[in-house]
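Take a look at the structure below.
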Amino acid sequence: MMENRAIYGPEYEELRRNVRRFFATELLPNIDQWEEDGIIPKSLWLKAGEMGLLCPTVAPEYGGAGGDFLHLSIIDEELGYTGQGSFTIQTHTDIVAAYVEALGSEEQKRRWLPRMVTGALIGAVAMTEPQAGSDLKAITTTARREGDHFIINGAKTFITNGINADLIIVVCKTAPELGRNGVSLIVVEAPVEGFARGKRLKKMGMKASDTAELFFDNVRVPVANLLGAENAGFRQVMHEIPKERLSIATIAMAASQRAFDMTVAYVKERVVFGQPLIEFQNTQFKLAELKTQLVVGWAHLDHCIAKHLKGELTSDEAAIAKLFNSELQCRMVDECLQLHGGWGYMAETPIARMYTDARVRRIAGGSSEIMKVLIARTL
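Under our numbering, the residue at position 22 of the sequence shown is numbered 1371, and the numbers go up by one with no gaps.
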């Protein structure tokens, strides 16, 4: 159901084949070892850069291919279809590079984007804090102006790419007395004095994704590293976050498709009581329900992508896509694991990895509950 959709022309399908081939040869054969290691090596990032998988929308003058959002969507879909969630190029490409593209000065773009395209610089966003998740108003990390520098103090947690990252967009309070109107985005280039990475956090899923705590103790950052306008960070994040949620919805949708395709193949081979599992009416009904949800999900996702391409996707529409698709992914892998029986519970079975990797989709990028709040505001 992923291929030959109306929103994509033939050139995009060629990209899809190349991306799928890259993941099949470079990522999937090594993912078990990398999950043991707890990190994706930087060498894979460099290979992905060579293949043009990183930051495809970046303009040619900054080293990119000058692609559109459909190129980004193809890569996200194929990333989801790998059945693993650990190679977090979405954070690097869909979020960090997008912020630099949208908000960066000419000097910032020329300094950072070419190396982000090649994978020489890996990006992260330091937003979440121990006591502040989806509520940006509650962050306590501060950046105090001192001459030509900001002095950053605070701590962040659950930071994707936290160990590998060289370029970190830190969400800070530059005017704490103004609440959400005193938030700024400041880029920290690691390593720098006063910046420290905590231990790599162990997660129930996405085990090769390097998630970490980050600490800032009087970190001096040039004022030139301010991204966008000072004290406009909250509005900047709110403007960019619908696209982030659409990307999450895209990965979740493709992962759901992967779980379904894998399970259909399994039940055709698995023999129970003398006949293939697919021959039982319960199996047929379950798969019919799941296929129906997939068809509806793809149609809605394509609708949202088409609206985004025209600049018409609203915040609540992105929230709907993120809510529906992340919830669908969790339902899908649960039902598919059940059809695998005991084998589905074995850690070496791909559906087991998909089960644990899926759970974070209902939390990251704004929890399902936050999505419901955003949607309810439009009623």
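Using N, Cα and C, we set each Cβ at its ideal position, and we do this for glycine too.
All values derive from a computational prediction rather than experimental measurement.
Check: Contact belief for Gly1543 with Ala1561 at Cβ below 8 Å, rounded distance in angstroms; Outcome: About 16 Å separates the two Cβ atoms, so there is no contact after all.
Check: Best match in Ala1573, Leu1728, Glu1426 for proximity to Gly1453 [C-alpha to C-alpha]; Outcome: Ala1573
Check: Distance between beta carbons of Met1476 and Val1520, contact taken as under 8 Å; Outcome: 5 Å
Check: Pro1378, buried or exposed, once every other Cβ within 10 Å from all chains shown has been counted against 16; Outcome: exposed
Check: CB of Thr1489 within 8 Å of CB of Gly1503, strictly; Outcome: yes
Check: Secondary structure of Asp1559, DSSP reduced to three states; Outcome: coil
Check: Contact under 8 Å by Cβ, Phe1418 with Leu1658; Outcome: yes
Check: Inter-residue Cα distance where the pair is Ala1447 and Val1620; Outcome: 49 Å
Check: Sheet register partners of Pro1625 (DSSP bridge); Outcome: Val1620
Check: Identified DSSP bridge partners for Glu1478; Outcome: Ala1481
Check: CB contact flag (Gly1714, Asp1559, <8 Å); Outcome: no
Check: For Arg1493 and Glu1410, the rounded distance between their alpha carbons; Outcome: 34 Å
Check: Cutoff 8 Å; reference Asp1425; Cβ partners in own chain excluding five residues on either side; Outcome: Gln1439, Asp1443, Ser1596, Thr1599, Ile1600, Ala1603
Check: Secondary structure of Leu1662, DSSP reduced to three states; Outcome: coil
Check: Exposure of Asn1353, with buried meaning 16 or more beta-carbon neighbours within 10 Å; Outcome: exposed
Check: Buried/exposed call for Ser1605, threshold 16 Cβ in 10 Å; Outcome: buried
Check: Where Glu1542 sits in the DSSP three-state scheme; Outcome: coil
Check: Residue span of the beta strand (DSSP E) that contains Lys1505, given as start and end; Outcome: 1498 to 1509
Check: Length of the line joining the Cα atoms of Gly1416 and Trp1394; Outcome: 19 Å
Check: Where the beta strand (DSSP E) containing Ala1492 begins and where it ends; Outcome: 1491 to 1495
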